[in-house]
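Please read the structure below before turning to the comments.
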Amino acid sequence: MDADTGLPSQSQNGQYLLLRHRDTPSIGELEVYRRLGGFEAWQKVITSMQPGQVTDVVKTSGLRGRGGAGFPTGMKWAFIDNKNWPHYVVANADESEPGTFKDREIMEGNPFQFLEGVAICAYAIQANAAYVYLRGEFWQLAAWLDRKIAEMEAAGLLGEKLFGTDYSLHIYTHLGAGAYICGEETAMLESIEGKLGQPRLRPPFPPSYGLFGKPTVVNNVETLTNVPLIIEHGAEWYRSLGTEKSAGVKIFSLSGCVERPGNYELPLGTTFRELIFTHGGGITGDRQVKAIMAAGASSALIVANEEALDTPMDYESVPRVGAQLGSASVIVIDDSVSIPWLINKTMHFFKHESCGKCTPCREGTFWMMHLTERIVEGSATLEDVELLQDVANQVKGKCLCALGDFSTEAVLTGIERFRPDFELAVAGSAVAN
Amino acid sequence: MKMVNLTIDGKTVTVPEGTLIVNAAKKVGIDIPVFCYHPKMEPVGMCRMCLVEIGRPVIDRTTGQVVREDDGSPKMQFGPKLETACTTPVSEGMVVLGTSEKAKAGRQDIIEFLLTSHPLDCPICDKGGECPLQNLTMEFGPGESRYLYDEKMHLAKHVPLGELIYLDRERCIQCGRCVRFQDQVVDDPVIGFFQRGRSLEIVTYSEPGFDSVFSGNTTDICPVGALTTTDFRFKARPWELRSAASICTQCPVGCNIAFNTRREAVSGGKWVIKRVMPRQNEWVNEIWMCDKGRFGYHYSKSAERLTQPLVRRQGELAPATWEEALSFVAERFQQAGDGLFSIAGGRLSNEDLYNQGKLTDSLGGKKVLYGTMGGGDLTAQSGLVPGSNFSDMGKETAILVVASDLHEEAPIWWLRVKQAAERGAQLIVANPRPTRLDAYATHLVRYPYGSEAGALLAMVNTLSAKRPDLPEAVANLVRSPELKAAAKAFAEAENAVILYGSEGTGLETSTALAQSCQNLLLATGHIGRINNGLVAVWQRVNDQGAWELGWRPVANLPEAMQAARALYVAAADPAGDDPAYLAEGRLGSQEQAFLVVQDLFLTATARLADVVLPVQAWTEREGSYTSGERRVQRFYPVVPELADSYADFSVAGQIGKRLGLDMEIRLAGRTFARLASETPAFTGLSYARLAEVVEQWPIVGRGDLYYGGTTYENSQGIGVQLPLTSAGGLSWPKLVEVGMPKIGLLAVPITRLYDHGSTLLPSSMLHQRIPEPYVVLNDQDAERLKISEGAAIQLIPAEGGSWLGVRAIARLRSDVPERIVLVPRSFGLPVAGPTVVSVRLAERVLA
Amino acid sequence: MFAEKYSDEIQAILSKYPPEQRRAAVMPLIYLAQREQMYVTKQAMVEIAEILGISSTDVASIVGFYTLYYDKVGSTYRVQVCTDLPCALRGAEQFLEGLCNNLGIRVGETTPDGAVMVEAVMCLAACDKAPMFQVQSGDGLSYHENQTVESAASLVAELRRKAQSKRRDGHGR
Ligand SMILES: Cc1cc2nc3c(=O)[nH]c(=O)nc-3n(C[C@H](O)[C@H](O)[C@H](O)COP(=O)(O)O)c2cc1C
Ligand code: SF4
Ligand code: SF4
Ligand code: SF4
Ligand code: FES
Ligand code: FES
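Protein chains in written order, with our numbering: chain A, 1 to 433; chain B, 1001 to 1847; chain C, 2001 to 2173.
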């Protein structure tokens, strides 16, 4: 609690806002969650707020999407086409970006706050059905959420004529079956519709043409989990957390060569240094940090110099070191790691996950994987490195969805920023140090 | 329509709002290369071949005005990325750069990517020479691929997707055209992508494989040589081929086609047909055709063809010279005088029917159209007027399809009606059992078999003050809310079209049906305007033409024939279709009538004949057909004629000449000119008129194969739709009470696309799709009768009859009305109309 | 027949989607069809297609696109070790190699009794708990995190016992 205002401050030393199970391990039980004020926001919006007011509050709060693109959430809700009905909410729980594992923890630990967020979003756009799309591997988690949804229904928090009003809402889970691309929102919609999980052409965007061709809001799990707090404590309070343009808290998934990998709930604007060294316990062994990927495998490689380490992790600052914050999945790479090897890893991933719909990504990821393989094996020449760079440039900016561009990030920044590693690899030795 | 101005590669273009950039470019002759985009399908933006630079004028947020540069030109903003021209609609002031360095580099990049997994086996590829990938590589591709060939994936090259279409996995560029065509255009999603990423492959899981009557079209639109037909695979190279324009003869749609031929050493230097391709006619078949038309043409090449006249001598048919045969025939016809009975099939051309008719009329004989459908006079009075086009039908149109399983009777009409419904047309499907058109219907009307005319009159009844009397069987339909709603929708639509078929009807019921169709059109004012009127789904390509030229079917042919002293049967095989003719000695006994048969094959009827006259197939000669939409269309010689052979019109003409008549015997065109001068509906028509063409959209053929596919451009005639003949007033038809029998079942004829017709069976390629003779029973009835699926059965007509020996396989379905047996036409069970039968199990000796 | 045997489950699945969007039920139905034998038979594809009013090719396409569906007989259990970048940075590749050595098979192979197949997979959203793997069977998936070769090997041994008794009961392959 903030002593002056009585409002919750955030995380780490204080109180958790999203990962509340860390403070209260039993918060996944309905009566515990309710005892701590859970579902008051839900009741409040249904019984005392107009849908548009809810959207306005979220707009004012400055909440931005936590799924990667950082799009203003309230603005997305306001785009919903009110001439076309019914509307749907789809919660994006596909969480498949290498290095990302925050949504899973939220849903496992603090499921009701997430579901309450889904519900409030549904009310704001007047949807009567919401789907939670979980990656297929979250099989047990889906069963857990199904139980939680059933508990809410039994308690009259979901279902028909809620809180004595005419408003009804059902939430359903839908399991994917192993496809990273289904995290892309339009591929996800196709997947729910029972089609191949391939992205759609955009525009039209989901708020005008979404699930089953109807206006739909797709939001990330973490994004939605923020919503009950915003309703409860107000937009101004939320704005006071984080930085001016990047409001609120964020869960940083920290992985790779650090002592204490894990999720860290911190205000946006926390520096890389603080995350890696203060919270993550620093680099494993006697190693130096060499590079950072801030958005999982889709990241540009940040050269981990002092300037980079002191960069605040928010939507505006990370681009200054030539990268994006994305889903804030921070992969730490120490100086024992060969960058060509790393890139080969990411290329394996993207080649495996390319949906194949568009030519440059389908062919380019395959080709880049081949080239990085050759480089790692030591059977390549410097021309192959040039070719790899060419191919990446050939893919970049020409694909149907963002996955194609993602696949080029590490390649292009790797070659540009860690060239000696490539020269060494070509010369037959794996690590540049 | 709001028009939008833009520039593409420096050319100014004005096109309707909503036009895609690729199409706007095409209209001014700029080819933006495409692979996945096809003008007949929704854009998907998959292949990224069409990337261009797009600039848009900067608009001042506050004023809403275009921001200007110092020189007054609009300030343009170009996006950071290339954009796909196939998915981006034009906008005012847009500047499109398709040939800038950036755009060219983009194209090169995409081509190079496509080639990384492509085998580049053009020299042995069937598409070589008409392959968009090959052509585009020449035009835009990088000089050489930097990809290492030994790292390419090697994939299966001969994957059968069923027995008609083959897939070469290495050549597939995953453009999805084939999958989308099957899914979106023809709604047979029987091929699909399997796996993902670079492992994507085309598969089929249907039984039989690639189970769609439209499958061949995918080989036309596949932009590479990945899909090929069994017919053409490895048979020839596109550049060795000549093409000749023709018309498909398998159904009344009259799809425009092109035959490809080649001179072959193995055939002794003869010209041989290598394949059939659709030929564009946006008023008829657009750029499509069905597999029956594409693969069923082989009958013309059959070794069973007759090659010389036969005359019966001492009881045996023996070869004779034309002179002998024709003189003999002329002599006997002269003797027969008004006892000449001409029976012609609707497969004959206008010219043939005209000459045979002329001959028959001059002797005072009788002209009989072989068939069981009525109403061709009414379609001439109330048909589609010139300018009508299914492609233009949408929201403002109602289409009523009655007594027709359109998908089986005329596949391309089914497709075009379906698409009109998808564009918003009210589609009323009236049929006693469900058909494949139901899925797109806005209104479904069910009536009992035999009551089709009554059902339509019931519709009139709910609308108009003039109330026709209704038979009991349909009286209750008047109260049916579905029928009422359908009638209302039909009446209220600005335009309305009726297609009536021959599902369950015989000549009497069909005639009554046609009359009630006309009544409904008259009652609702849907005659004489574009996109309004009546269309018969005939059983033969030129039935409509026969009606126009005065040929009429008769109710009871075997009986009517009794009066004949001479029979002149052309393109018809009554004895083959109905063994009654044999059993009862109605044909071929000398005491009866002198029998002349004019045909391609030695049919069952020909075997009984006194004289058999061979004729040329339609691929060997010229002529014209009148389609069900009353479009008169020309076909051209494809291969040289056989030695000493004549077309039907010429044979009839030569007989006529021997009778002293002035008849044309050499030129089809001149025959047509005579026809046109004597037949009011044809006034002013000539072969030259029929050969006229206009610019069509989308542009296909030409050099830009990648755009629409390998469908042939129409350079030899789009045909002419006939004007209406004067219409009669409202007169109610004589309704035939069919009703259910007290005992037994009601057998009704239906039409199947893949039947046992003499023009289909010789094409062995389709044999796997042609079922054994079968009938369809209601499953409850079958249970009662203890008939199981697949049992061999016989139908016993209640009024006696001669088809006791004919066996068929029983198929059981729940969606066949109770106490109904569906009997496919031309499968050996001669059910000419609703017929009361009993069913019994046959001994299991089915061949 | 699949459709008869699981009619209650099928109804429950269908009820999650709008009636005119039955096709949406295809993914859960494929999981259901995979329950007994860890792969989807052609017959099941035909039945699913019929239930949903789509073509069996449509169903097959979905089976082919996603990695957790199989169209061929395989092992009873699949041990899927994450070796994606973050896990690899924490020794996942060595772990996988160790496990395979322990079992005497190579990556992608199945134990001789047909019970367990070991393969490498992409990130499973447990990167902070490497080495980790999931076990897939017809009954679903379970996560096993912070593993050692020893703990994993003993789990595999247990799975092999289970597979054997499953087979005795007439399930499995
Ligand atoms: C290839 C790809 C994968 C993605 N994966 C995820 C994901 O796993 N989870 C997620 O929330 N968003 C993912 N996204 C982003 C979504 O498309 C979408 O932007 C997001 O769900 C919107 O929610 P938000 O506004 O709350 O962030 C992915 C995007 C792409 C292009
Ligand atoms: S970029 Fe890759 S994942 Fe995205 S649509 Fe294209 S092929 Fe599919
Ligand atoms: S087979 Fe031809 S049409 Fe079909 S996806 Fe491959 S290249 Fe495209
Ligand atoms: S629809 Fe009719 S005319 Fe057209 S190709 Fe098929 S059979 Fe021939
Ligand atoms: S993306 Fe435009 S033609 Fe394929
Ligand atoms: S990389 Fe292994 S779970 Fe994420």
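The C-beta atom is built at its ideal place from N, Cα and C for all residues, glycine as well.
Nearest-angstrom Cα separation, counted from B:F1214 out to B:A1652: The straight-line gap from Cα to Cα measures roughly 37 Å.
query: Cβ of A:E377 less than 8 Å from any chain C Cβ?
result: With 8 Å as the cut-off, A:E377 does not count as an interface residue toward chain C.
message: For a cutoff of 8 Å on Cβ pairs, would you count A:T359 as touching chain C?
response: No, because no Cβ of chain C sits closer than 8 Å to the Cβ of A:T359.
task: Identify which residue in A:F422, A:N393, A:K396 has its Cα closest to the Cα of A:A380.
output: The option with the nearest alpha carbon to A:A380 is A:F422.
message: Strictly below 8 Å CB to CB, what residues from chain C border B:P1189?
response: Chain C residues near B:P1189: I2054, S2055, T2057, D2058.
query: Hey, is A:P199 close to ligand 2, as in C-beta under 7 Å from one of its heavy atoms?
result: Yes - ligand 2 has a heavy atom lying nearer than 7 Å to the Cβ of A:P199.
query: Span of the alpha helix (DSSP H) holding A:W77?
result: Residues 73 to 78.
- prompt: DSSP beta-bridge partners for B:H1118?
  reply: None; B:H1118 has no bridge partner.
field: Start-end ranges of the alpha helix (DSSP H) lying completely within the stretch 1688 to 1761 of chain B, minimum 4 residues
entry: If you keep only unbroken alpha helix (DSSP H) runs of at least 4 residues inside the stretch 1688 to 1761 of chain B, you get 1705 to 1708.
query: What residues of chain A sit near B:R1198, judged by a beta carbon separation below 9 Å?
result: Against chain A, a Cβ distance below 9 Å from B:R1198 picks out K351, S354, G356, R362, E363, T365, F366.
task: Mark A:K161 as exposed unless 16 or more other C-beta atoms lie within 10 angstroms of its C-beta, in which case mark it buried.
output: By the 10 Å Cβ count, A:K161 comes out exposed.
field: contact_flag[the stretch 153 to 173 of chain A, the stretch 57 to 75 of chain A] where n(CB pairs < 8 Å) is 3 or more
entry: By the Cβ rule, the stretch 153 to 173 of chain A does not count as touching the stretch 57 to 75 of chain A, because fewer than three pairs are nearer than 8 Å.
- request: Within 10 angstroms of the Cβ of B:A1847, are there 16 or more other Cβ atoms? Answer buried if so, exposed if not.
  value: For B:A1847, the predicted structure reports a pLDDT of 32, less than 50, and the residue's modelled location is therefore unreliable. The matter cannot be settled from this model.
- prompt: According to a CB-to-CB cut-off of less than 9 Å, which residues of the stretch 313 to 332 of chain A neighbour chain B?
  reply: If the cut-off is 9 Å between Cβ atoms, the stretch 313 to 332 of chain A has nothing near chain B.
task: If I'm right that B:R1146 touches A:T359 with Cβ under 8 Å, what's the distance once you round it to whole angstroms?
output: Contact doesn't hold; Cβ gap of about 16 Å is too wide.
Contact set for B:I1257: own chain, Cβ-Cβ below 7 Å, skip 5 residues either direction: Excluding sequence positions up to five before and after B:I1257, its CB lies within less than 7 Å of the CB of S1246, I1247, C1248, V1276, M1277, P1278, R1279, M1289, G1293, all in the same chain and listed in chain order.
task: Report back the beta-carbon spacing between A:L388 and A:I339 to the nearest angstrom; my notes put them in contact at under 8 Å.
output: Contact flag wrong, Cβ pair sits at about 12 Å.
task: If I'm right that B:E1508 touches B:V1836 with Cβ under 8 Å, what's the distance once you round it to whole angstroms?
output: Not quite, the Cβ-Cβ distance comes to about 15 Å (not below 8 Å), so this is no contact.
- request: Using alpha carbons as the reference points, say which of C:K2166, C:T2076, C:S2056 lies closest to C:S2137.
  value: Of the candidates C:K2166, C:T2076, C:S2056, the one whose C-alpha sits nearest the C-alpha of C:S2137 is C:T2076.
- prompt: Do B:A1344 and B:A1546 have their C-beta atoms closer together than 8 Å?
  reply: Contact annotation: B:A1344 and B:A1546 have beta-carbon atoms nearer than 8 Å.
task: Could you spell out where the alpha helix (DSSP H) holding A:W237 opens and where it closes?
output: Where A:W237 is concerned, the enclosing alpha helix (DSSP H) stretches over 235 to 239.
field: Residue-level contact to chain B via CB, C:S2061, 8 Å cutoff
entry: Chain B, which has a Cβ nearer than 8 Å to the Cβ of C:S2061, makes this yes.
- prompt: Which residues mark the beginning and the end of the alpha helix (DSSP H) in which B:K1026 is found?
  reply: Start and end: 1021 to 1027.
query: Of all the beta strand (DSSP E) runs that stay within the bounds of the stretch 2054 to 2122 of chain C, which reach a length of 3 or more residues?
result: Given a length threshold of 3 residues, each whole run of the beta strand (DSSP E) inside the stretch 2054 to 2122 of chain C is given here in chain order: 2077 to 2082, 2116 to 2121.
message: According to DSSP, B:D1599 sits in a beta bridge with which residue or residues?
response: In DSSP, B:D1599 forms a bridge with B:P1614.
For B:T1725, the nearest candidate out of B:L1200, B:R1658, B:G1533, B:G1623 (CA to CA): Of all alpha-carbon atoms in B:L1200, B:R1658, B:G1533, B:G1623, the one lying nearest the alpha-carbon of B:T1725 is that of B:G1533.
message: Using 8 Å as the threshold, is the C-beta distance between A:F272 and A:A323 below it?
response: No, Cβ-Cβ distance for A:F272 and A:A323 is not below 8 Å.
field: Cα-Cα separation, A:Y238 to C:M2027
entry: Roughly 39 Å separates the two Cα atoms.
message: Could you tell me the alpha carbon to alpha carbon distance between B:Q1562 and B:Y1568, rounded to whole angstroms?
response: Computed Cα separation, rounded: 14 Å.
message: According to DSSP, B:M1001 sits in a beta bridge with which residue or residues?
response: Answer is none; B:M1001 lacks a bridge partner.
- prompt: Going by alpha carbons, who is nearest to B:A1798 out of B:E1017, B:P1579, B:K1742, B:L1353?
  reply: Nearest C-alpha to B:A1798: B:K1742.
message: Bridge partners for A:H170 per DSSP, in chain order?
response: Bridge partners of A:H170: A:A129.
query: So is C:M2045 in contact with chain B if we call contact Cβ pairs under 8 Å?
result: For C:M2045, the answer is yes, since a Cβ of chain B falls inside 8 Å of its Cβ.
query: Sorry if obvious, but does the Cβ on B:I1412 come closer than 7 Å to a heavy atom of ligand 4?
result: B:I1412 Cβ: within cutoff of ligand 4.
- prompt: Does the Cβ of A:I181 lie closer than 7 Å to at least one heavy atom of ligand 1?
  reply: Taking the Cβ of A:I181 as the reference point, at least one heavy atom of ligand 1 falls within a distance shorter than 7 Å.
- request: Mark A:L190 as exposed unless 16 or more other C-beta atoms lie within 10 angstroms of its C-beta, in which case mark it buried.
  value: Here the sequence assigns Glu to residue 190 of chain A, which means Leu is not the residue at that position. When all chains shown are included, A:E190 counts as buried.
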